[in-house]
Amino acid sequence: MSSTARRVRISGFLATALALTLSACGSPGGSSDSAGSSDSSAEKAGGYPLTLTSCGKKAEIKAPPQRAVSLDQGSTEILLSLGLADRMAGTGTWTDPVLGGLEKDNAKVERLADSYPSFEKVLAEEPDFVTASFLATVSKGGVADRAKFAELGVPAYVSPSDCAGKDNSGDGDGRRDKTLTMDTVYGEIRDLAEAFGVEKRGERLITELKGRVAKAKKTIKVSEASDTTLLYWFANSDAPYMAGCCGAPGIITRELGVKNVFDDTREEWPQINWETVADRDPDVLVIGDLTRKSQTAESAKKKIEFLESNPVTKNLTAVKKKRYVLLSGQAMNPTIRTVDGVEQVADALREFGLAK
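Letter by letter, the sequence shown follows residues -26 to -1, 1 to 330 of mature numbering (1 follows the signal peptide of the UniProt record, and there is no 0).
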């Protein structure tokens, strides 16, 4: 599309948003004329408008989204798994290649940026719905605050996994006051399916994911695995981010009956020095295999090179025995891929002879 045509589209979008704002100001209490009332009744008959509450704010969706923009890979893969590629206008913020089986659908949707796209770039797609996996994505320092989208009449939804029972007020990745479970991820699937009017697809996806978790659990004897300790390393070799007790890695740990060596901290991803890691000497290292390049030691290859050459880490039990489990970044975040993490760690425990 030419730059001139693009500018025309953006201008039209902003003009429409302004008109909606002025109309709302001139109609106290949300009153409307008879035609508007008729349209509203028709939408309500089909389940719209509907309101979704996420991370403390409400998003009113007046009709099934047709030009959604997904600003994090986790929410993107949920929408693609629900068969909604034809109703997506763009995506952003990627850590990994797209989930296997979704490649063709993903190719149909424009990738606005590998990291945060600019607010202007998102608006250029004329979105009618925005979704994100992390509150930071739609806050100051991210793409834009949700209030900015709201000013333009664009509802914005944030995954409850990043807020339910979690305190994000600090400088790090937050602290879990309440232990996360897959039920919160399933709740996100239900919310997004409802937003698009594809509730049955959402329930089918949830049933499939639950079945996979149950199957993986059956392959592990908890009595044999209960003394096995795991460490989850997401990124950074200088000041490594290790998983605390209660986020997505905690789901994997609890489902399989093993132990996280840092389950005594409720911080989501505390930065822990290697000397402390050596003191705890985990049996297995679960390491993030990322394709992004924003931290040191992003890929599994770089992580393993570091582990096997660093004087502090090369004598770890897991390093000596090469007990490495490579997970995508998305499997270590609270997403549908956390189920992949459950399956892959279960397979590895059996392979390492730590569970039968």
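Backbone N, C-alpha and C define an ideal beta-carbon position, used for all residues, glycine too.
DSSP, read as helix, strand or coil, puts Ser49 in helix. The region 209 to 217 and the region 226 to 245 touch, with three or more beta-carbon pairs separated by less than 8 Å. With three or more CB-CB distances shorter than 8 Å, the region 171 to 183 counts as touching the region 50 to 62. Counting only runs of 4 or more residues that sit fully inside the region 115 to 198, the alpha helix (DSSP H) segments are 120 to 125, 156 to 170 and 173 to 192, in chain order.
Asn289 counts as exposed, since fewer than 16 other beta carbons sit within 10 angstroms of its beta carbon. The DSSP-derived three-state label of Ala33 is strand. Beta bridge pairing from DSSP links Ser28 with Lys31. Rounded to whole angstroms, Gly262 and Gly327 show a C-alpha spacing of 22 Å. Straight-line measurement puts the Cα of Pro256 at about 16 Å from the Cα of Arg324.
Bridge partners of Ser44 according to DSSP: Thr65 and Thr105.
The residues Ile180, in chain order, have a CB closer than 6 Å to that of Tyr160 in the same chain once the five nearest residues on each side in sequence are set aside. Put simply, of Thr69, Gly30, Lys36 and Ala59 the residue whose alpha carbon is nearest the alpha carbon of Gln47 is Thr69. Remark: C-beta atoms of Val316 and Glu229 approach each other more closely than 8 Å. Ile225 places its beta carbon 8 Å or farther from that of Met306. Listed in chain order, the non-local C-beta contacts of Val235 below 6 Å within the same chain comprise Thr203, Leu205, Arg254 and Pro256, local neighbours out to five positions each way being set aside.
A Cβ-Cβ contact shorter than 8 Å links Glu34 with Thr25. Under the DSSP assignment, Val293 falls in the alpha helix (DSSP H) whose first and last residues are Thr291 to Lys294.
Around the Cβ of Val286, a 10 Å sphere holds fewer than 16 other Cβ atoms; the residue is exposed. In the DSSP assignment, Ala209 falls within the beta strand (DSSP E) that extends over Thr203 to Ala209. The C-beta of Asp151 has fewer than 16 other C-beta atoms within 10 Å across all chains shown, which makes the residue exposed. The residues Leu53, Asp79, Asn80, Lys82 and Val83, in chain order, have a CB closer than 8 Å to that of Ala59 in the same chain once the five nearest residues on each side in sequence are set aside. The secondary-structure analysis by DSSP pairs Ala87 across a beta bridge with Gly66.
Sixteen is the threshold: since fewer than 16 other Cβ atoms of the shown chains lie within 10 Å of the Cβ of Ser89, the residue is exposed. Judged by their CB atoms, Ser200 and Phe280 are not nearer to each other than the 8 Å cut-off.
Its chain contains Val112 and Ser113 as the residues whose beta carbon lies nearer than 8 Å to that of Asp119, once the 5 sequence neighbours on both sides are disregarded; these appear in chain order.
Leu45 places its beta carbon less than 8 Å from that of Gly66. When secondary structure is reduced to three states using DSSP, Glu100 falls in the coil class, being assigned neither helix nor strand. Its chain contains Pro134, Ser135 and Ala138 as the residues whose beta carbon lies nearer than 6 Å to that of Thr158, once the 5 sequence neighbours on both sides are disregarded; these appear in chain order. Non-local beta-carbon contacts of Leu264 in its own chain, meaning distances under 7 Å to residues more than five positions away in sequence, involve Thr69, Asp70, Ala209, Glu272, Ser273 and Gly303 in chain order. Taking the CA atoms as reference points, Cys220 sits about 30 Å from Ser283. Restricted to the region 233 to 293, the alpha helix (DSSP H) segments that are unbroken, complete and at least 4 residues in length are 248 to 254 and 274 to 283, listed in chain order. Each of Leu259, Ala169, Glu94 and Pro129 was checked against the Cα of Lys295, and the nearest Cα belongs to Leu259.
Around the CB of Lys140, 16 or more other CB atoms lie within 10 Å, so the residue is classed as buried. Counting other Cβ atoms within 10 Å of its Cβ, Gly148 reaches 16 or more and is therefore classed as buried. Around the beta carbon of Ser107, 16 or more other beta carbons sit within 10 angstroms, so the residue counts as buried.
Using a 10 angstroms sphere on the CB of Glu99, the tally of other CB atoms reaches 16 or more, which defines it as buried.
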